[in-house]
Amino acid sequence: MNLTQERILKVEAVVLEHHEWGEADRLLSLFTREHGRLRAVAKGVRRIRSRKAGHLEPFTRVALVLARGRDLWIVTQAETLEANLALHGDLEGIGYASYVVELLERLTYEEGPNPDLYRLLVETLRHLDENLDPPALILRYFELHLLDLAGFRPELKECVTCRRPIQPEDQYFSSALGGVLCPTCGKLEPSARPVSMNALRYLRHLQRSTYAEARRARPAPTVAGEMERLLQDYLSYILETRLNSPEFLRQVRQPLNPANHLPPTSSSESPL
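Using my numbering, read the sequence shown as starting at 9 and increasing by one per residue.
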């Protein structure tokens, strides 16, 4: 669909963020199921009597009617489909959801439908809101599948240099080369960093699994931390900058909350 020819749009969307616009309006960043990322203005939404305000908070899934304005879409109707209220209940919830939103915005472009990515966003925010699984698992799953959908899937099955299948032993990972290296090639690659066998096994499990299957993962806290650092370095290399929300999360999680990590299990219980 050519949006330049459309005057009215009916969309389902997640509100990513908003900014004050004029005296009483807000500029919304939306990720829609039908058209990908869009920007729209919610007129008068900052007034006390506005009926739309409660429907247009960040991380909310909404049904919208948009009308073509001079430069931007204008929200004419809004209905909440999924409020995700728990995400606004504390700083950690806001931090996790903000990280998801920031990463999505950095790896996507405005306009262009991507229903699989929309579904991943909706389900990730829902998992964070329900708080049934540790945030570490939810975020690693989101990162790996977002990278896949955005065209930056890291190679985790075979050495990116010699193309030999990865063996069950400690390996190396290179953000510059986009994947794992065997011990022989890794020692010769200046950009490579060591990665443990356990961290790589869990990363591969999350990458290839549905979320229902991924929930079985139970890495020890040290392994979970290694996975997080590896993916943060890879994302920073792709984006050519550090993200803002991880630093915010590190600050609000001090001292570290053990609930953010999955409890370890014996190797016999591993799904890998």
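Backbone N, C-alpha and C fix where the C-beta goes; we use that ideal spot for every residue, glycine too.
Note that this is a predicted model, so its numbers are computed, not measured.
Exercise. Span of the beta strand (DSSP E) holding residue 33?
Worked result: 33-40
For this session: Out of 132, 33, 166, 19, state which residue places its alpha-carbon closest to the alpha-carbon of residue 177.
Result: 166
Exercise. With burial defined as no fewer than 16 other Cβ atoms inside 10 Å of the residue's Cβ, what is the status of residue 170: buried or exposed?
Worked result: exposed
For this session: Could you tell me the distance, in whole angstroms, from the CA atom of residue 102 to the CA atom of residue 113?
Result: 16 Å
For this session: Decide if residue 249 is buried, meaning its Cβ has at least 16 other Cβ atoms within 10 Å, or exposed.
Result: exposed
For this session: State the beta-bridge partners of residue 202 as determined by DSSP.
Result: 180
For this session: Give the range of the beta strand (DSSP E) segment to which residue 47 is assigned.
Result: 44-50
Problem set entry | residue 25 - partner residues in DSSP beta bridges | 37
For this session: Label residue 17 either buried or exposed according to how many other C-beta atoms from any shown protein chain fall within 10 Å of its C-beta, with 16 as the threshold for buried.
Result: buried
Exercise. So residue 155 and residue 161 are in contact, right, with Cβ under 8 Å, and what is the actual spacing, rounded?
Worked result: 6 Å
For this session: Specify whether the segment 216-233 and the segment 184-191 touch according to this definition: at least 3 beta carbon pairs, one from each stretch, less than 8 Å apart.
Result: no
For this session: Rank 111, 41, 196, 226 by C-alpha distance to the C-alpha of residue 207 and give the top, closest one.
Result: 226
Problem set entry | Residue from 245, 237, 159 whose Cα sits closest to the Cα of residue 258 | 237
Exercise. According to DSSP, which residues form a beta bridge with residue 18?
Worked result: 73
Exercise. Are residue 130 and residue 69 touching if we call contact CB-CB under 7 Å?
Worked result: yes
Problem set entry | Beta-carbon contacts of residue 50 that lie in its chain and below 7 Å, excluding the five residues immediately before and after | 33, 34, 36, 60, 64, 83
For this session: Return the first residue and the last residue of the alpha helix (DSSP H) that residue 222 is part of.
Result: 219-222
Exercise. In or out: residue 133 buried (at least 16 other Cβ within 10 Å) or exposed?
Worked result: buried
Problem set entry | Bridge partners - residue 187, DSSP secondary structure assignment | 163, 182
For this session: Apply the 10 Å Cβ neighbour rule to residue 142 and answer buried if 16 or more other Cβ atoms are within range, or exposed otherwise.
Result: buried
Exercise. Just how far apart, CA to CA, sit residue 199 and residue 182?
Worked result: 6 Å
Exercise. In angstroms, rounded to a whole number, what distance separates the CA positions of residue 235 and residue 31?
Worked result: 45 Å
Exercise. Exposed or buried, which one is residue 213 when buried takes at least 16 other CB atoms within 10 Å?
Worked result: buried
Exercise. Near residue 104, what residues of its chain come up, given a Cβ to Cβ distance below 8 Å and the 5 sequence neighbours on each side ignored?
Worked result: 95, 136, 143, 146, 147, 257
For this session: Could you check which residue in 223, 100, 191, 158 has the C-alpha nearest to that of residue 172?
Result: 191
Exercise. Considering residue 132, what are the terminal residues of the alpha helix (DSSP H) in which it resides?
Worked result: 123-138
For this session: Would you identify the three-state DSSP class for residue 251, choosing helix, strand or coil?
Result: coil
Problem set entry | Expected contact under 8 Å - CB spacing of residue 89 and residue 47 to nearest Å | At roughly 20 Å, the Cβ-Cβ gap does not stay under 8 Å, so residue 89 and residue 47 are not in contact.
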